[in-house]
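2 protein chains.
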Amino acid sequence: MVTRTARERQLDHPGRGEIALADVLHALADPVRLRVVRTMAAADSPMACGAFGLPVSKSTCTHHFRVLREAGIIRQHYRGTAVLNDLRRDDLDARFPGLLDCVLAAAAGDSPAQ
Amino acid sequence: MVTRTARERQLDHPGRGEIALADVLHALADPVRLRVVRTMAAADSPMACGAFGLPVSKSTCTHHFRVLREAGIIRQHYRGTAVLNDLRRDDLDARFPGLLDCVLAAAAGDSPAQ
DNA sequence: GTCGTTGTACGATAGACGTCGAACTTCGGT
DNA sequence: ACCGAAGTTCGACGTCTATCGTACAACGAC
Numbered sequence: 001m002v003t004r005t006a007r008e009r010q011l012d013h014p015g016r017g018e019i020a021l022a023d024v025l026h027a028l029a030d031p032v033r034l035r036v037v038r039t040m041a042a043a044d045s046p047m048a049c050g051a052f053g054l055p056v057s058k059s060t061c062t063h064h065f066r067v068l069r070e071a072g073i074i075r076q077h078y079r080g081t082a083v084l085n086d087l088r089r090d091d092l093d094a095r096f097p098g099l100l101d102c103v104l105a106a107a108a109g110d111s112p113a114q
Numbered sequence: 115m116v117t118r119t120a121r122e123r124q125l126d127h128p129g130r131g132e133i134a135l136a137d138v139l140h141a142l143a144d145p146v147r148l149r150v151v152r153t154m155a156a157a158d159s160p161m162a163c164g165a166f167g168l169p170v171s172k173s174t175c176t177h178h179f180r181v182l183r184e185a186g187i188i189r190q191h192y193r194g195t196a197v198l199n200d201l202r203r204d205d206l207d208a209r210f211p212g213l214l215d216c217v218l219a220a221a222a223g224d225s226p227a228q
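Structure representation (structure tokens):
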């Protein structure tokens, strides 16, 4: 007999030390993904992919969240049929101190109305 | 009769207020361009394109410098046959405070041997 | 003027990227 | 068992991008 948590579908995440700057910058350079990150930074709890109201199809949505996950910017785990998304603030701050906050502040200045 | 400075070939640069975050992030997400920016940040005076010793052809070089210029990251002006490149530190800091320094610090942490 | 240096302009090309729709999987609820 | 909700997978598509080589232009030096 197996516990529920051990049977959860698995998603690959880079370790904290494996997060690469070029990947992070590339991931944040897309308007849709930057919007996701801004929304997540403003939220107080993990959000499902569908909760962002993105102006793209479901498959494109999947694509963007995978890019963010593989860049090490977000953590994803299954919760029933949904996928909960979480900003990897600690890891990002440890690897590239201040970078996330700078980008968020810059984004706020660049287009205040998210 | 026209003065020399007025006859210089002109390059288009975005105004300080026109610098867009997505363009900046996209420009910095390329290894060759990030290396250029790091080298320029470490230099104390403007450098010609050829002085960076980039591992790409001349035409590719021209391409990368144009991307950086159009993103508002560098300023370019002709000096004889050469083009001098200069980091737009002031404009970048004014538009996106701290961003450039964060990225430079992150790059130093990501690959210390430039 | 001629020549070498420095960079630009112009295709061309191969690969990456953002986007979609249709079919499928997984899970919770009834 | 069935159905609907939430994502994923799998092509397919057009566009953007990084790269190159060749030909060309601007300038300094001789």
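Line by line, the protein sequences give chains B and F.
Quick note on this note's numbering: the first sequence kicks off at 1 and runs consecutively.
Quick note on this note's numbering: the second sequence kicks off at 115 and runs consecutively.
Each residue gets a CB set at the ideal place from its N, CA and C atoms; glycine is no exception.
Measuring CB to CB, does residue i end up less than 7 Å from residue j?
i: Ala-143/F; j: Leu-25/B; result: yes
i: Ile-187/F; j: Ala-141/F; result: yes
i: Val-32/B; j: His-63/B; result: no
i: Asp-215/F; j: Arg-130/F; result: no
i: Ala-41/B; j: Leu-104/B; result: yes
i: Ala-107/B; j: Leu-21/B; result: no
i: Val-114/B; j: Arg-9/B; result: The residue you asked about is not Val; residue 114/B is Gln in the sequence shown. Cβ distance not < 7 Å, so Gln-114/B and Arg-9/B don't count as in contact.
i: Pro-46/B; j: Asp-93/B; result: no
Please work out which residues of its chain come closer than 7 Å, Cβ to Cβ, to residue i, disregarding the five sequence neighbours upstream and downstream, and give them in chain order.
i: Cys-175/F; result: Cys-163 and Leu-168
i: Val-170/F; result: Val-146
i: Arg-66/B; result: none
i: Arg-183/F; result: Leu-125, His-127 and Gln-190
i: Phe-166/F; result: Val-150 and Thr-153
i: Arg-88/B; result: Gly-72, Ile-73, Ile-74 and Arg-75
I need the boundaries of the beta strand (DSSP E) containing residue i, first residue and last residue.
i: Val-170/F; result: No beta strand (DSSP E) holds Val-170/F; DSSP gives it neither H nor E.
i: Asp-87/B; result: Looking at the sequence provided, one finds Leu at residue 87/B rather than Asp. Note, Leu-87/B: beta strand (DSSP E), 82-87.
i: Arg-193/F; result: 188-193
May I ask which residues mark the beginning and end of the alpha helix (DSSP H) holding residue i?
i: Arg-123/F; result: Careful: Arg-123/F lies outside any alpha helix (DSSP H) and carries neither H nor E.
i: Arg-147/F; result: 145-156
i: Cys-49/B; result: Cys-49/B -> no alpha helix (DSSP H), and no H or E assigned at all.
i: Ala-219/F; result: 213-224
i: Ala-141/F; result: 135-142
Leaving aside the five residues before and after residue i along the sequence, list all residues of the same chain whose C-beta is less than 6 Å from its C-beta, in chain order.
i: Ile-133/F; result: Gly-186 and Arg-209
i: Asp-137/F; result: Ala-185
I'd like the list of long-range same chain contacts for residue i, defined as Cβ closer than 8 Å, with 5 residues on each side in sequence excluded.
i: Gly-109/B; result: none
task: Using a Cβ-Cβ cut-off of less than 7 Å, list which residues of the stretch 131-144 of chain F approach chain B; keep chain order.
output: Ala-134, Leu-135, Ala-136, Leu-139, His-140, Leu-142 and Ala-143
query: According to a CB-to-CB cut-off of less than 9 Å, which residues of the stretch 78-91 of chain B neighbour chain F?
result: none
query: Using a beta-carbon distance cut-off of less than 7 Å, what residues from the stretch 161-175 of chain F approach chain B?
result: none
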